[in-house]
Amino acid sequence: MTSGPFLSKILVFAVPLMLTGLLQLLYHSADIAVVGRFVGKEALAAVGSTGSLINLFVNLFIGLSMGSGVVTARHIGEKDETKIHDCVHSAMLISLISGALLAAIGFFFSAGMLRLMKVPEDVIKLASLYLKLYFLGSPTMLVFNFGASVIRATGDTKTPFVILSSTGFINVLLNLLFVIKFHLGVEGVAIPTVISQTLAAIFAVIHLCRLDSECRLIIKDLKLQKAELMEILRIGVPAGVQNMLFSFSNVIIQSNVNSFGSSAMAGIAAGSNFDGYIYTCTNAIAQTTMTFTSQNVGARKHENIGRVYRICVICATAIGVTIGWIGFALSPQIISIFTSDAAVVPIAVGRMRFIMPFFFFCSLMDVGGSQLRGMGKSVQPMLISLLGGCGIRLIWVFFLLPFKRTLDFLYISYPVSWGVTFFVHFAAYFYLRKKHYPIKKTDSATAVRE
12 MTSGPFLSKI LVFAVPLMLT GLLQLLYHSA DIAVVGRFVG KEALAAVGST
62 GSLINLFVNL FIGLSMGSGV VTARHIGEKD ETKIHDCVHS AMLISLISGA
112 LLAAIGFFFS AGMLRLMKVP EDVIKLASLY LKLYFLGSPT MLVFNFGASV
162 IRATGDTKTP FVILSSTGFI NVLLNLLFVI KFHLGVEGVA IPTVISQTLA
212 AIFAVIHLCR LDSECRLIIK DLKLQKAELM EILRIGVPAG VQNMLFSFSN
262 VIIQSNVNSF GSSAMAGIAA GSNFDGYIYT CTNAIAQTTM TFTSQNVGAR
312 KHENIGRVYR ICVICATAIG VTIGWIGFAL SPQIISIFTS DAAVVPIAVG
362 RMRFIMPFFF FCSLMDVGGS QLRGMGKSVQ PMLISLLGGC GIRLIWVFFL
412 LPFKRTLDFL YISYPVSWGV TFFVHFAAYF YLRKKHYPIK KTDSATAVRE
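Heads up: take any position in the sequence shown, counting from 1, add 11, and you land on my numbering.
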């Protein structure tokens, strides 16, 4: 990761990461498709409306896993075996502690949080049941995510993909079995998700235990090392808070959607599901940016930081624009996978056609934030997201939406917040790069030779 040519290496790293993310996304898509087709509109609304609330809490801890990946990658660039060992074992213990905490919060407070979101009474019971079961699987979900971050920091993105290929297939089969054969409702899609996540965690741990490198996991060595813990928290907590801020703004938006009724909830749940596929593909580029930049920072090859960022921006733009326009053109066909309800389909198609042409701004926003985190600057993208993303959406919902209370006007808050946040990230990158990682003439000559 510390020498060119970078485009081919970035693609080799990112493509399995994209496929891994898409398979993870299939967990939730399978849930939505099965309940939408075989259970009913209320079940579809219940499962779909929980996404923003799940992300609100899960993303904090996913940020910590990102921090563990950044720190591990930097130590690999530094070739410091002791720090790599300490970081890996601290990260995996953090995943267990975080998972237990998240499971407790989700299980005991699900119903209260859904009421705060103004979820209609005809949906809240089903949504609460789904959330409780989902959060019970939090420990194994985070074990997999932390383990996968460590594996990817070594340059291996294929192993997490192989793991999720098998467990994702099991998830879909169990969904169909539990709902169609055993006639279960939302619990029929929640339980298979937990089972699949548990299997994925087991496979990831086995792989780490069998590694023949300094990243090998030794169960008896699990211990929180203060120095590595603080580094993971320094990068991971701001990243997690940033993710939470966007999720919080989405919870506020979802609360306003809920006030439009269960048909609007179901329509937006179906329509927004495709967002995840674009986001997953471009977020793979963002994670690639972060890992490559972090290794080059560790190896003190500052001349490569800009090259990595330029290539990743181009890749993210190409992916975001291409998939976005596919979603725009094929929105009726895509929605038909999830529902055929006459009241739901127009709302879902309308949302897709409004959002899809602008989604590439979200892609660029993520790459910008990940570039800054790879440079070791995690507080700055958090603050930018607070003001540019979360702040704009809250202003839109509380001060502008009351003057024109329509779903289309609510949707506008997304591209506006994405665009503003990206441009501020872009400006912050140039400022921080010049201040902390100036390029010497000898560095430029070396980069040209490579």
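In this text, a Cβ means the ideal position worked out from N, Cα and C, and glycines have one as well.
Simplified DSSP assignment, three categories, for Y288: Counting from one through the sequence shown, the residue named residue 288 turns up at place 277. Of the three classes helix, strand and coil, the one that applies to Y288 here is helix, per DSSP.
Report the option in I108, D97, L142 whose CA atom is closest to the CA atom of F118. What you label residue 118 is simply residue 107 of the sequence shown in a count that begins at 1. For F118, the nearest C-alpha among the options comes from L142.
Evaluate the contact criterion for the stretch 51-71 versus the stretch 118-134: three or more CB pairs, one atom per stretch, below 8 Å. yes
Under 8 Å, do V69 and L113 count as touching if we go by C-beta distance? Mapped onto the sequence shown, residue 69 falls at position 58. Mapped onto the sequence shown, residue 113 falls at position 102. Yes. Within cutoff.
Going by the beta-carbon positions, is the gap between C226 and I95 smaller than 8 Å? As a position in the sequence shown, residue 226 is number 215, starting the count at 1. As a position in the sequence shown, residue 95 is number 84, starting the count at 1. Taking 8 Å as the Cβ cut-off, C226 and I95 qualify as a contacting pair.
Between which residues of its own chain and K4 is the CB-CB distance below 7 Å, once the five residues before and five after are set aside? No information on residue 4 is available, as it lies outside the stretch 12 to 461 that the chain covers here.
With a CB to CB cut of under 8 Å and the five nearest residues on each side skipped, what residues in its chain are close to R362? Here residue 362 refers to the residue found at position 351 of the sequence shown. Once the five neighbours on either side are set aside, the close Cβ partners of R362 are G278, I279, G282, S283, L418, Y422.
Where Q253 sits in the DSSP three-state scheme: Taking the first residue of the sequence shown as position 1, residue 253 is located at position 242. In the structure shown, Q253 sits in a helix (DSSP, three-state: H, G or I).
Which value, in whole angstroms, describes the spacing of the CA atoms of K129 and I263? What you label residue 129 is simply residue 118 of the sequence shown in a count that begins at 1. What you label residue 263 is simply residue 252 of the sequence shown in a count that begins at 1. Taking the straight line from one Cα to the other gives about 10 Å.
I need the DSSP call for V197, collapsed to helix, strand or coil. Within the sequence shown, numbered from 1, the residue matching residue 197 stands at position 186. The answer is coil: DSSP assigns V197 none of H, G, I, E or B.
Does the Cβ-Cβ distance between V200 and V190 come in under 8 Å? What you label residue 200 is simply residue 189 of the sequence shown in a count that begins at 1. What you label residue 190 is simply residue 179 of the sequence shown in a count that begins at 1. Yes, the Cβ-Cβ distance between V200 and V190 is below 8 Å.
Quick check: the stretch 294-306 against the stretch 429-442, are at least 3 beta-carbon pairs closer than 8 Å? no
Straight-line Cα distance separating N66 from G47: For the purposes of this step, residue 47 is identified with residue 36 of the sequence shown, where counting begins at 1. For the purposes of this step, residue 66 is identified with residue 55 of the sequence shown, where counting begins at 1. In a straight line, the C-alpha of G47 is about 21 Å away from that of N66.
Look at the Cβ atom of F72, then the Cβ atom of L153, and state whether they are nearer than 8 Å. Within the sequence shown, the letter at position 61 stands for residue 72. Within the sequence shown, the letter at position 142 stands for residue 153. Contact: yes.
State the Cα-Cα distance for the pair G272 and F369, rounded to the nearest angstrom. Within the sequence shown, residue 272 is the residue found at index 261, counting from 1. Within the sequence shown, residue 369 is the residue found at index 358, counting from 1. If I take the Cα positions, the gap works out to 26 Å.
Burial state of G123 (16 or more Cβ within 10 Å): The residue labelled residue 123 in the question sits at position 112 within the sequence shown. Exposed.
Who are the near neighbours of A138 in its chain, counting only those whose CB is closer than 7 Å to its CB and skipping five residues on each side? The residue you call residue 138 lines up with position 127 of the sequence shown. Taken in chain order, the residues that qualify are A57, S60, T61, L125, V130.
Taking Cβ positions only, does M124 come closer than 8 Å to chain C? Among the chains in the structure shown there is no chain C, since it carries only a single protein chain.
Between the Cα of F120 and the Cα atoms of S274, L140, K312, K52, which residue gives the shortest distance? Counted from its first residue, the sequence shown places residue 120 at position 109. The residue with the shortest Cα to Cα distance from F120 is L140.
Counting along the chain, where does the alpha helix (DSSP H) carrying L233 start and finish? Position 222 of the sequence shown, counting from 1, holds the residue named residue 233. Unbroken run through L233: none, as it is neither H nor E.
Among the residues of its own chain, which have a CB less than 6 Å from the CB of K52, if the five just before and after it don't count? Here residue 52 refers to the residue found at position 41 of the sequence shown. Within the same chain, K52 has close Cβ partners A277, D352.
Do L210 and T178 have their C-beta atoms closer together than 8 Å? To locate residue 210, count along the sequence shown from 1; it is residue 199. To locate residue 178, count along the sequence shown from 1; it is residue 167. Cβ distance < 8 Å, so L210 and T178 count as in contact.
Could you tell me the boundaries of the alpha helix (DSSP H) in which E132 lies? One-based indexing of the sequence shown puts residue 132 at position 121. It spans 132-147 - the alpha helix (DSSP H) in which E132 sits, taken as one unbroken run.
Check whether the Cβ atoms of Q306 and G32 sit closer than 8 Å, and answer yes or no. Sequence index remark: in the sequence shown, residue 306 carries index 295 (1-based). Sequence index remark: in the sequence shown, residue 32 carries index 21 (1-based). The answer is no: Cβ separation not under 8 Å.
Report the rounded CA-to-CA distance for G287 versus M12, giving the unit in angstroms. By one-based count along the sequence shown, residue 287 stands at place 276. By one-based count along the sequence shown, residue 12 stands at place 1. Cα-Cα distance, rounded: 28 Å.
Do you know whose CA, among L341, P392, K446, V45, lies nearest L188's CA? As a position in the sequence shown, residue 188 is number 177, starting the count at 1. Residue V45 is the option with its Cα nearest to L188.
Quick check: what's the CA-CA separation for R404 versus I289? Along the sequence shown, one-based indexing puts residue 404 at 393. Along the sequence shown, one-based indexing puts residue 289 at 278. Rounded to the nearest angstrom, the two C-alpha atoms are 21 Å apart.
How about H447 and M376: do their beta carbons lie closer than 8 Å? Looking up residue 447 in the sequence shown gives position 436. Looking up residue 376 in the sequence shown gives position 365. Cβ atoms of H447 and M376: not closer than 8 Å.
Contact the stretch 233-249 vs the stretch 101-110: 3+ CB pairs below 8 Å: yes
When burial is assigned at 16 or more other CB atoms within 10 Å of the CB, is T333 buried or exposed? Here the question's residue 333 lines up with position 322 in the sequence shown. Classification for T333: exposed.
With a cut-off of 8 Å on the beta carbons, I'd call V161 and V99 a contact; round off their distance for me. Translated into positions along the sequence shown, residue 161 becomes position 150. Translated into positions along the sequence shown, residue 99 becomes position 88. Contact flag correct, Cβ pair sits at about 5 Å.
Between the beta-carbon of F371 and the beta-carbon of G335, is there less than 8 Å? Your numbering for residue 371 matches position 360 in the sequence shown. Your numbering for residue 335 matches position 324 in the sequence shown. Yes, they are a contact pair.
CA-to-CA distance, I330 to S85, given in whole angstroms: Against the sequence shown, residue 85 aligns to sequence position 74. Against the sequence shown, residue 330 aligns to sequence position 319. The sequence shown places Arg at residue 85, not Ser. About 28 Å.
Measuring CB to CB, does I337 end up less than 8 Å from V360? Position 326 of the sequence shown, counted from the first residue, corresponds to residue 337. Position 349 of the sequence shown, counted from the first residue, corresponds to residue 360. No. Outside cutoff.
Check for me: the alpha helix (DSSP H) holding A280 runs from which residue to which? What you label residue 280 is simply residue 269 of the sequence shown in a count that begins at 1. 273-283 is the extent of the alpha helix (DSSP H) around A280.
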